[in-house]
Amino acid sequence: MSKIDDIPGEPSDDDLVGYGRPPKHSRFKPGQSGNPKGRPRGSRGLKTDLHEVLSARHTIQINGKTLKGTRQQLALVTLSARAATGDLKAQALLLPLIMQVFGTEDRGGDKNTLPPAELAMLEGFLAGIGELPVEAAATAADAAMAGHLRDDPSDHDLPLAPGPDEPEGPA
Numbered sequence: 333m334s335k336i337d338d339i340p341g342e343p344s345d346d347d348l349v350g351y352g353r354p355p356k357h358s359r360f361k362p363g364q365s366g367n368p369k370g371r372p373r374g375s376r377g378l379k380t381d382l383h384e385v386l387s388a389r390h391t392i393q394i395n396g397k398t399l400k401g402t403r404q405q406l407a408l409v410t411l412s413a414r415a416a417t418g419d420l421k422a423q424a425l426l427l428p429l430i431m432q433v434f435g436t437e438d439r440g441g442d443k444n445t446l447p448p449a450e451l452a453m454l455e456g457f458l459a460g461i462g463e464l465p466v467e468a469a470a471t472a473a474d475a476a477m478a479g480h481l482r483d484d485p486s487d488h489d490l491p492l493a494p495g496p497d498e499p500e501g502p503a
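The opening residue of the sequence shown carries number 333 in the working numbering; numbering runs sequentially from there.
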């Protein structure tokens with residue numbers, strides 16, 4: 333009896349046998365493992381080896397320039413340089429990596445602004461095709477960039493062609 337509350341003649345909690353409680357004679361002894369020849373303590377795993385290899389310092393040359401850094405940094409520089417030159421395999425590797433690391437959020441600055449040269453070109457284009465005054469074109473460009481224009485047919489002055497399932501003529 334190990335506890336004061338134990339009733340004489342009844343088995344204690346240590347003697348019970350059932351699911352997850354094998355008989356006392358077949359239980360592991362303290363300090364004994366179920367897999368004595370398993371992975372020894374201090375052995376290195378893949379994660380440790382990969383971290384060591386990627387964090388090692390290295391030097392490479394790209395386009396005649398010597399670059400120094402960790403192998404991980406240099407691999408990313410090489411991959412992005414090859415992707416930028418049009419290597420489709422490098423792009424196929426780099427784009428999912430970017431999406432995994434950064435997600436789908438916007439990585440740049442303010443997405444609702446254009447550089448001044450592009451904004452002037454857009455304003456000139458809108459003023460030319462729509463015969464809008466430059467001020468109205470600028471307002472339309474600003475509204476479009478701010479996301480206020482919807483693709484709602486009632487917002488447009490142009491008549492729309494009927495769809496394949498719609499009868500022709502006024503409704």
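Virtual Cβ for every residue (Gly too), placed ideally from N, Cα, C. Just so you know, these numbers come straight off a predicted model, no measurement behind them.
If the criterion is Cβ atoms closer than 9 Å, does the pair residue 382 and residue 392 meet it? Here residue 382 refers to the residue found at position 50 when the sequence shown is read from its first residue. Here residue 392 refers to the residue found at position 60 when the sequence shown is read from its first residue. No, these two residues do not count as a Cβ contact at 9 Å.
8 Å contact criterion, which residue 426 and residue 411 should meet: CB distance rounded: Sequence index remark: in the sequence shown, residue 426 carries index 94 (1-based). Sequence index remark: in the sequence shown, residue 411 carries index 79 (1-based). So it is a contact: roughly 5 Å between Cβ atoms.
Uninterrupted alpha helix (DSSP H) stretches inside the region 419-459 (no shorter than 4 residues): 420-434
Reference residue 417; option with closest CA among 357, 395, 355, 389: By 1-based counting over the sequence shown, the position of residue 417 is 85. Of 357, 395, 355, 389, the residue nearest in Cα terms is 395.
How many Å lie between residue 450 and residue 460 at the Cα? Translated into the one-based positions of the sequence shown, residue 450 becomes position 118. Translated into the one-based positions of the sequence shown, residue 460 becomes position 128. Those two C-alpha atoms are separated by around 15 Å.
What three-state label does DSSP hand residue 404 in the structure shown? Here residue 404 corresponds to residue number 72 of the sequence shown, with the count starting at 1. If DSSP states are grouped into helix, strand and coil, residue 404 belongs with the helices.
What does a CB cutoff of less than 7 Å around residue 413 pick up in its chain, not counting 5 residues either side in sequence? Within the sequence shown, numbered from 1, the residue matching residue 413 stands at position 81. Closer than 7 Å at the Cβ level, and outside the excluded window around residue 413, lie 394.
Which residues mark the beginning and the end of the alpha helix (DSSP H) in which residue 380 is found? On the sequence shown, residue 380 is found 48 positions in, with the first residue counted as 1. From DSSP, the alpha helix (DSSP H) with residue 380 extends over 378-387.
Taking just the CA atoms, how far does residue 457 sit from residue 431? Within the sequence shown, the letter at position 99 stands for residue 431. Within the sequence shown, the letter at position 125 stands for residue 457. Cα-Cα distance, rounded: 34 Å.
Can you tell me whether residue 342 is buried or exposed? The criterion is at least 16 other CB atoms within 10 Å of its CB, across all chains shown. By one-based count along the sequence shown, residue 342 stands at place 10. With fewer than 16 Cβ atoms within 10 Å of its Cβ, residue 342 is classed as exposed.
Per-residue DSSP class, three states only, for residue 414: Stepping through the sequence shown from its first residue, residue 414 is reached at position 82. Of the three classes helix, strand and coil, the one that applies to residue 414 here is helix, per DSSP.
Coarse secondary structure for residue 356, derived from DSSP in three states: Taking the sequence shown and counting its residues from 1, one reaches residue 356 at position 24. In this structure, residue 356 counts as helix in the three-state DSSP scheme.
CB contact flag (residue 387, residue 364, <9 Å): Here the question's residue 387 lines up with position 55 in the sequence shown. Here the question's residue 364 lines up with position 32 in the sequence shown. Contact flag unset, no.
Among all the DSSP beta bridges, which residues are the ones paired with residue 350? Taking the sequence shown and counting its residues from 1, one reaches residue 350 at position 18. Residue 350 pairs with 353.
Distance between residue 371 and residue 349 (C-alpha atoms, nearest Å): Sequence index remark: in the sequence shown, residue 349 carries index 17 (1-based). Sequence index remark: in the sequence shown, residue 371 carries index 39 (1-based). Going from the Cα of residue 349 to the Cα of residue 371 covers about 31 Å.
What's the gap between the Cα of residue 373 and the Cα of residue 380? The residue you call residue 373 lines up with position 41 of the sequence shown. The residue you call residue 380 lines up with position 48 of the sequence shown. One C-alpha to the other measures close to 14 Å.
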